[in-house]
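Written below as structure tokens is the structure these notes are about.
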Amino acid sequence: MRNRRLKKTIVELNFFQSNITDEQTIRRQRYATRVYIILYALTVFGIGLFAAFSPQSINDVVYFPTNLQFNKLMRKYSTTIQCLCSKIGIAYETFVHVDVQFHQVCSSRFVQKTWIDSIMQQQYQQSNIRYHLAYFWQIIADFCHISNQTWIDIVINFGQSYILSPIALNEQVVQSQTKMALYNSISLAKTILKRDLLVIQRTTIENQFISGLTTNFYLGYLSNTSQSSHDPQMIPRIYNNCSCLNRHGCPHSVVINTNSNDSIPGMIADCYMTDATLRSTLECYYNSTCFSQLHQQLSVGIELLSGKANKYFLTNSTVQMLIDDIMIDDLNIKILFESFYQQCRPARCFYSYTKYFSLIYITMTIIGMFGPSAFILKLLVHFVVKFLSRDKNQEANTNERSLGMIMRLYQYLIKFFDYIRCLPTKVFQLLSTLNLFSTQQQDTETTDDIEQGRILTRSFILILILCSIIAGIYIVFPDQDHLITVESPSEQTYKNLYERYSSTLQCPCSQISVPYGTFLNLTFVLHQICSSTLVSSTWLEYLALFDPNDVPMWTKTDFSRDFRSYVETNIADAQQLFNSTQYINEHLPSQTLFRRENQYITDSFITKTRNDFARISKWVHVGNVASRLLTGVNMNFRVIFHNDGQVEAQDIRFSLANTITHLFYTTKGKCSCASQIRNCFLKTIIYSNGTQTLKFLQIFDELKIGCIPIVGFLRSEIDWWYNSTYIENIRTTYKLAIGFEPFPNIQPLNSSILTRFRGIEVTKLVDEMFIERIINENDQFDLFYKQCAPIACSYKIAKRRDMTVAFLLLITICSGLNQGLRLIMPLVGKFIFSLIRRQTNRNMFNLLDYGMFR
């Protein structure tokens, strides 16, 4: 029964009822109702579908976000979010904790004073390796102390440096930037430590300083009776046909004593104890058998090193490997992002996003279009129904049906033009009598009610039109921000976008940190001496063939000693550090900013590299000169035996030559190596036959012999490097002195090559690191772009709304205005009309009172 009623209700549903009640008209009205319902459903579905796929650009702000809120926003809106920090710079020490574990040897008994003293208390012969073990462990203990102090300096410098960013960074960027900053600090410290150690090794070897362990020189008398001096002199030691004058030393395996051939695994002996220690390993101190063999009387109760305790180093790692890594075996970095964020404390975060399928937006759009859609469809369907259901009876009874289509069309046109001609009159009559606020039955309405309803209707239409115009102007004409995203843009696309949208363009990099070496190229062009035959290994090895005991004292100098390898090592280490330094940027910088930052970075790097080199060179010079170390070339001291058995190293005073000829020479006083070491020099003479006579080929005024080789080298002039006569005289003299080896093909420098160093001393060349020029190819934005590889580029544009969107929005607003005004106008009108009525009654009452009074 209920289903029948429902079916009947649906079948009889009619939205187009009229006064005509014939069955055919009602049937057509019901068909029109069904068509209307179908069209209305399709219209609502289409409007909802359009609203669902319409992008909504939303700008939002969050005030004082917590750490959790920030992380959530960063994950969702990483490309557009910006949170301004309350502090631009945040010290690393406030949110980073670093724990270090050095090699186990630094916490072992072997580096303690008691162990070193116990070895020294054993009475060993100087030729026994055990005699040197105390110094071996003293050097390792010093290395551990230096490493620990270096680490303390790293932590202090790193902790006091800042992570600089005006905006809050996400946790990944903070982690990456912090680790890179720490690793760069460690790498810098490693580079400086290796460089300083290298300088000490090279200058010690090149100046032939004497070791108190007599491992590189021993005191004796020269067998050459032609020498003018009969005082004992320092004579270089020979190991396996290798002289300690060799600039590379003479490393050789260690045996227990000279009478035994039992070598100690990993232990290396050399001319200097420091070099021997660096080349050795600690593997013997991991093995109980080897340890007992090496320390027979001290092997009881000693805890050896454990191979399982090492996390990075191996048991056969050399001491050089250990010190190169500052003895660090393990590193634990703990980064507290919450502490970083608490110091950043952004007051607000701005972000924007594009939203689709917003349920609220879809619902509001459909509701807003509900009334207008129903009204328009109803009129349309009503017009169609009326057109199709025109009076068939009149058409059937007329005798003009046979006139045909032409006459019928003519009649329609006449009716249409008549309708157009009468349209203004009909509109005026309609507006004059239109009453949208009739609330009573027509037969009970008074004239005043009808008039008031018409006044409210006219006011309603006027207000609705004015509000619709204002809303239309506001919707159509003002520009709106639209967020546009381009996925994986090419470099050219990025450049085009930057030219047009530079103020709003943001391109997050897929790789946050990029090493400088991947997109920057610094080329150091050194003075040609660094690649010439004068400093070639062949020439230096040839010079090592000289027997210093057979060369006259005045010719004992090696003019090829220079800082070439030190300079190249310094530059290589600095470039390696620079190339590994990370350029950290979450977003792709503009090409102009990129160039400016890189120019500043490279300039700072070049200046720092020069300053570091000059500083260390000066320290080495001061240490070598002020310490008055004895040198094996016997130039700054001589040994004197007194009758009471005392041995004294006396100062040498040089006679300063005034005039030197093949027949005689004159002097102009003397200088002391003790008090005038920086200005006390001998003239360099090349003899024709290697004897100390006045038969010489040439006097080298440019090449000076100092009390120690480094002083003479630094104060020598460089112009003779270009003189072919000098080189030929050197060739002739050295070939006579070393006849059993072919003379290397050394050539003078090419004077046609442009240089900024002429007529100067070597010290100036050293201070400038032998650098002629630096080629800085900092315009490598394309290489950086490939490394950055932006995920997407987003930018905002201001443009007017799409006309379709604007039209639908205007309809929605007008529909809302219509509904609102229909509710407000009756209330406002009732209130106003009541005031008017009250005022009219009061005036009428006053007028009656006035008439009665008269």
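Residues 1 to 854 in full-length UniProt numbering are what the sequence shown lists, from first letter to last. All residues carry an ideal CB built from backbone N, CA and C; glycine is no exception.
Beta-carbon proximity check, residue i vs residue j, cutoff 8 Å
i: Y353; j: I90; result: no
i: F291; j: H527; result: no
i: N316; j: G249; result: no
i: P709; j: E93; result: no
i: V174; j: F337; result: yes
i: I512; j: I465; result: no
i: residue 855; j: I200; result: This structure cannot speak to residue 855, because the chain is shown only from 1 to 854.
i: N570; j: F613; result: yes
i: residue 894; j: F102; result: Outside the shown range of the chain (1 to 854) lies residue 894, about which nothing can therefore be said.
i: I705; j: F743; result: no
i: I616; j: R195; result: yes
i: Q172; j: I163; result: no
i: R278; j: V319; result: For clarity, residue 278 is Leu in the given sequence; the question names Arg instead. Closer than 8 Å, so yes.
i: I154; j: W137; result: no
i: Y795; j: E491; result: no
i: H482; j: I797; result: yes
i: C467; j: A789; result: no
i: L703; j: T684; result: yes
i: I475; j: L809; result: yes
i: T518; j: L783; result: yes
Whole-Å CB distance - residue i paired with residue j, under 8 Å assumed
i: I238; j: P251; result: No, I238 and P251 are not in contact; Cβ-Cβ is about 14 Å, not under 8 Å.
i: I727; j: I746; result: 6 Å
i: F143; j: I256; result: The pair is not a contact, with the Cβ atoms about 25 Å apart (cut-off 8 Å).
i: P489; j: C106; result: With a Cβ gap of about 53 Å, P489 and C106 do not count as contacting.
Where residue i falls: helix, strand or coil (DSSP)
i: M327; result: coil
i: N611; result: helix
i: C509; result: strand
i: G159; result: helix
i: R842; result: helix
i: Y722; result: helix
i: C467; result: helix
i: E487; result: strand
i: F313; result: coil
i: E586; result: coil
i: D142; result: helix
i: S617; result: helix
i: C83; result: strand
i: R279; result: helix
i: F770; result: coil
i: D651; result: coil
i: N776; result: strand
i: C349; result: strand
i: S834; result: helix
i: T579; result: Sequence check: residue 579 is Asn here, not Thr. In this structure, N579 counts as helix in the three-state DSSP scheme.
i: N67; result: helix
Span of the beta strand (DSSP E) around residue i
i: P236; result: Q233 to P236
i: F102; result: V96 to F102
i: E263; result: One point to set straight first is that residue 263 is Ser, not Glu, in the sequence displayed. That run of the beta strand (DSSP E) goes S263 to A269.
i: F781; result: Taken as a continuous stretch (DSSP letters only), F781 belongs to no beta strand (DSSP E), being part of the alpha helix (DSSP H) at F781 to C788.
i: T794; result: In the sequence as displayed, the identity of residue 794 is Ser instead of Thr. Element bounds for S794: A792 to K799.
i: T297; result: The sequence shown places Gln at residue 297, not Thr. Here Q297 belongs to no beta strand (DSSP E), and DSSP marks it neither H nor E.
i: V255; result: H252 to V255
i: F524; result: N521 to L526
i: V639; result: R638 to F641
i: Y341; result: Note, Y341: premise wrong, no beta strand (DSSP E); alpha helix (DSSP H) at F337 to C344.
i: F743; result: Premise fails: F743 is in no beta strand (DSSP E) and is neither H nor E.
i: F217; result: F217 to G220
Residue range of the unbroken alpha helix (DSSP H) whose run includes residue i
i: L540; result: S537 to L543
i: G712; result: P709 to R715
i: I119; result: K113 to M120
Residue i beta carbon near the ligand ADP (any heavy atom closer than 7 Å)
i: H145; result: For the structure depicted, the ligand ADP is absent and the ligand set is empty, with no information on it obtainable.
* Validate contact between the stretch 281–295 and the stretch 206–219 using beta carbons, cut 8 Å, 3 pairs -> no
* To do: Spell out a yes or no on whether the stretch 299–315 and the stretch 60–77 are touching, meaning 3 or more CB-CB pairs, one atom from each, closer than 8 Å.
  => no
* Is the stretch 337–347 touching the stretch 74–87, taking contact as three or more C-beta pairs under 8 Å? -> yes
* Asked: Do the stretch 458–476 and the stretch 752–766 meet, that is, are 3 or more Cβ pairs less than 8 Å apart?
  -> no
* Asked: For the stretch 572–588 against the stretch 180–188, are there 3 or more C-beta pairs whose distance is under 8 Å?
  -> yes
* If we count Cβ pairs, one from each stretch, closer than 8 Å, do we get three or more for the stretch 591–610 versus the stretch 528–535? -> no
* To do: Check whether the stretch 809–827 touches the stretch 531–540, taking contact to mean three or more Cβ pairs, one atom from each stretch, closer than 8 Å.
  => no
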